[in-house]
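The opening residue of the sequence shown carries number 1 in full-length UniProt numbering; numbering runs sequentially from there.
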Amino acid sequence: MVKVLVLIAPGFEPVEAITPIDFLRRAGAEVTTAAVGHNELNIKSAHDITMKCDVKFESVHTQLYDAIVCPGGMPGTKNLAKDAHVLEALKAHNDAGKVVAAICAAPGFVLAEAAQLLKGKNACGYPGSDAKITENGGNKLEDPVVIDGNIVTSRGPGTASKFALALIGKLFGDEKANEIGSGTLVL
Numbered sequence: 001m002v003k004v005l006v007l008i009a010p011g012f013e014p015v016e017a018i019t020p021i022d023f024l025r026r027a028g029a030e031v032t033t034a035a036v037g038h039n040e041l042n043i044k045s046a047h048d049i050t051m052k053c054d055v056k057f058e059s060v061h062t063q064l065y066d067a068i069v070c071p072g073g074m075p076g077t078k079n080l081a082k083d084a085h086v087l088e089a090l091k092a093h094n095d096a097g098k099v100v101a102a103i104c105a106a107p108g109f110v111l112a113e114a115a116q117l118l119k120g121k122n123a124c125g126y127p128g129s130d131a132k133i134t135e136n137g138g139n140k141l142e143d144p145v146v147i148d149g150n151i152v153t154s155r156g157p158g159t160a161s162k163f164a165l166a167l168i169g170k171l172f173g174d175e176k177a178n179e180i181g182s183g184t185l186v187l
């Protein structure tokens, strides 16, 4: 079974977290939501929506999944970027060739600046924060979703569905991505 870890930090963007979780579960992935930098499982989003996570990140931070996902949102993205265990987990997943995914401000602040994973890579992110991609050796594109090897990036809440389908394509193949896209009226 395909296993995916979604990192949820205080101040996350709910659309960018829930859409991939929902679509990946529809595709058959075992998705685990992990509360980052918090002593409880309930995490408040950037828009005062509380999400109950499955586990505390500290209990799974050394495990490898098929994919690890960083939603954006502020200050959620900065909370991910300052967590040493998050950066270690992202680097471990990248080194193992697992899918490393980020959307909105997370490609710039987390993958490019904090984890230094976008050097020489094509990526996209939320306008403004995406400057960090080029500042840290990456190639910033304007596409809604960019896939470069095992790295998947996307621009923001409006591209969350395409981001989720790109993850499904990487993990399950295009046929499953098309099935989920059709069933959710994205395609």
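C-beta atoms are modelled at their ideal positions from N, C-alpha and C, and glycine is treated no differently.
From the listed residues Ser182, Asp130, Gly149, Ile147, the smallest Cα separation to lysine 140 is found for Asp130. By the neighbour-count definition (other C-beta atoms within 10 Å, threshold 16), arginine 25 is an exposed residue. Here DSSP, grouped into helix, strand and coil, assigns glutamate 16 to helix. A residue is called buried when at least 16 other Cβ atoms come within 10 angstroms of its Cβ; histidine 93 meets this threshold and is buried. Leucine 167 and isoleucine 43 have their C-alpha atoms spaced approximately 24 Å apart. With fewer than 16 neighbouring CB atoms inside 10 Å of its own CB, leucine 187 falls in the exposed class.
Leaving aside the five residues that flank phenylalanine 23 on each side, the residues in its chain whose CB is nearer than 8 Å to its CB run, in chain order, Ser161, Ala164, Leu165, Leu167, Ile168, Ile180, Thr184.
Inclusion of alanine 17 and proline 71 in the CB contact set at 9 Å is warranted, their separation being smaller than that value. Pairing valine 2 with alanine 29 gives a Cβ-Cβ distance under 9 Å.
Judged by DSSP secondary structure, threonine 77 falls outside any beta strand (DSSP E) and instead within the alpha helix (DSSP H) spanning 76-81. Leucine 24 sits in a helix when the DSSP states are folded into three classes.
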